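With the first letter of the sequence shown counted as 1, position 103 gets the number 102 in numbering that gives the first Met the number 0; the numbers rise by one all the way through. Beta carbons: idealized from backbone N, C-alpha and C, even for Gly. Every value quoted in this text rests on a predicted model; they were computed, and no experiment measured them.
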Amino acid sequence: MKTLEEILKFCEDVSFDLNFTHAKKWKDEKEGRVIVGYMPIYFPREIIHAAGGMAVGIFGGGDRKQIIKGDAYYQSYICHIPRSIMELVLDKHTAHFDGYIFPSICDVIRNLSGIFKQQNIGKFVKYMDFPQNFLPQIGGVFYQQEMEHVLKYIKEINGVEVTTERLNHSIELYNKNRKMIDFIYKIRQDFPWRLSIVDVYHIVRAGTVITVEEHNDILEQVCEHIKKDIGTPQDKVKVIISGAFCEQPSVGLIKAVEEAGCYVVDDDYMLGSRMILGDIDSKTNNPLEAISNSYIKQSQFSSSIYDVHDPKEFRLAKIVKDRGADGVIFASASFCDPSLLDAPIFQNAFNKLGIRYIAFQFSENINQYKVIKEQVGAFSDSIKLWEDEPVVAIS
Ligand code: SF4
């Protein structure tokens, strides 16, 4: 077993390798392997795995890539992530990728898929529409057809026929993956000093750029390490981060929140890796239907899902309660319509429920956190000083 420090170092390195060299090495090792890049938030990676491929998350260049060409594709009032993705692609960071998936999250991602098509980037570009109809016989069937469409693209590249056995095996691996990530969050809920939120972020993000088998091996070791009584508790309040599910804040900002006096006991940074709650049926004759059902019946709430029957504000409130959190920090990417449109819904409900919150906006490439750190620090202090008073602050 590796030391926790060795594991964390690997996860950090691989997460921010903008050339995706780990995936490239994996692909070069065997004929017929394909790499499929997917944009946030969620994509059923199981189907790519079953087709002999690796689904690799593309979460932009963060604060590690200067944007020059990418700005030419988007107006100034659009979020940052599509620009840095364009910059990565135009600078050939993803030259070894075979195809690209654009899950239906917002118009920006839809338009990005159009730009990829227009520029002939990759062997295929798939805008993947996720159902907003939650009836298995309507939205569910539609979603299965979308997955079949992706598998057809991959078969055209490597000739792999995806079988029920292969799909069920892939589902099992990802079930295990989600279960262990869930375990890490459960431990942090009670002992957040055992692993910082930045460590958790690196560990989960690493899983988007390496094979699920390698990631499961890492997670197993992390779980063993954090079962032990490591770290030293500090006088911090517990908070949930919500709204940063697509464009990612820089690591410095993720760290700044904890440094300012908050243990982040849940978040939606790498939401796609935790999107499905619980296991997907892996002993079925129709695995695509099982994956589809899992999305329809057991997915986490998200700004890209319109589910009137299960209001997201109450689902977030339940997370606050279950995690024993003292408040919520709404962190939205600048100009992120889905996140910013949801914010008032959450905040109105929280005013009534008496859940404390603050809100700020970020951009993936900002690395000046002084103002946000002060705001978070004041939030943390106010919770400690006036535990019974509701606190609301928006910037
Ligand atoms: S950050 Fe928001 S607006 Fe931008 S691509 Fe992501 S979901 Fe869409």
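Sequence-distant residues of the same chain with beta carbon closer than 7 Å to residue i, five excluded per side
| i | result |
| --- | --- |
| Ser14 | His201, Arg204, Ala205 and Val208 |
| Tyr142 | Phe129, Pro130, Ser291 and Tyr294 |
| Glu246 | Gly59, Cys78, His79, Ile80, Ala332, Cys335 and Glu363 |
| Thr210 | Trp25 and Met53 |
| Pro286 | Thr163, Leu166, Asn167 and Ile170 |
| Ile104 | Pro39, Ile40, Cys245, Ser303 and Pro337 |
| Asn366 | Asp62, Ser249 and Gly251 |
Alpha-carbon spacing of residue i relative to residue j, whole angstroms
| i | j | result |
| --- | --- | --- |
| Ser302 | His308 | 14 Å |
| Ile47 | Ser169 | 9 Å |
| Val250 | Ile275 | 25 Å |
| Ala348 | Val159 | 49 Å |
| Ile40 | Lys125 | 15 Å |
| Lys317 | Leu270 | 17 Å |
| Leu89 | Asn18 | 12 Å |
| Ser394 | Gln360 | Note that Ser394 scores a pLDDT of 46, beneath 50, so its modelled location is shaky and nothing firm can be said. |
| Leu352 | Gly69 | 42 Å |
| Lys372 | Lys383 | 16 Å |
| Val140 | Gln65 | 42 Å |
| Ser112 | Phe101 | 6 Å |
| Met127 | Ala377 | 42 Å |
| Tyr184 | Cys222 | 10 Å |
| Phe300 | Glu258 | 28 Å |
| Leu466 | Ala50 | Shown here, the chain extends from 0 to 394; a query on residue 466 therefore has no answer. |
| Pro43 | Trp385 | 44 Å |
| Arg32 | Asn157 | 7 Å |
Counted within 10 angstroms of its Cβ, other Cβ atoms place residue i as buried (16 or more) or exposed
| i | result |
| --- | --- |
| Met0 | exposed |
| Asn176 | buried |
| Ala289 | buried |
| Gln297 | exposed |
| Ala324 | buried |
| Ala22 | buried |
| Gly326 | buried |
| Gln374 | buried |
| Arg193 | buried |
| Thr93 | buried |
| Gly230 | exposed |
First and last residue of the uninterrupted beta strand (DSSP E) at residue i
| i | result |
| --- | --- |
| Pro102 | Gly98 to Pro102 |
| Ile357 | Arg355 to Phe361 |
| Ser241 | Val236 to Ser241 |
| Met53 | Gly52 to Gly56 |
| Phe123 | Phe123 to Met127 |
| Val263 | Cys261 to Asp265 |
Limits of the unbroken alpha helix (DSSP H) element including residue i
| i | result |
| --- | --- |
| Arg193 | Counting along the chain, Arg193 falls outside any alpha helix (DSSP H), and DSSP gives it neither H nor E. |
| Gly326 | Per DSSP, Gly326 belongs to no alpha helix (DSSP H); it is in the beta strand (DSSP E), Gly326 to Ala332. |
| Tyr142 | Val140 to Asn157 |
| Val107 | Asp106 to Gln117 |
| Gly323 | From DSSP, Gly323 is part of no alpha helix (DSSP H); its letter is neither H nor E. |
| Val370 | Lys369 to Leu384 |
| Ile225 | Val211 to Lys226 |
Own chain partners of residue i with C-beta closer than 8 Å, once the 5 adjacent residues on each side are dropped
| i | result |
| --- | --- |
| Asp16 | Val208 |
| Asn174 | Asp278, Ile279 and Ser281 |
Other residues of its chain near residue i: CB distance less than 6 Å, five sequence neighbours each side excluded
| i | result |
| --- | --- |
| Phe133 | Ile295 |
| Phe123 | Gly98 and Tyr152 |
| Glu312 | Ile344, Phe345 and Ala348 |
| Ile240 | Val263, Asp266, Ile328 and Ala330 |
| Asp198 | Leu7 |
| Lys254 | Val197 |
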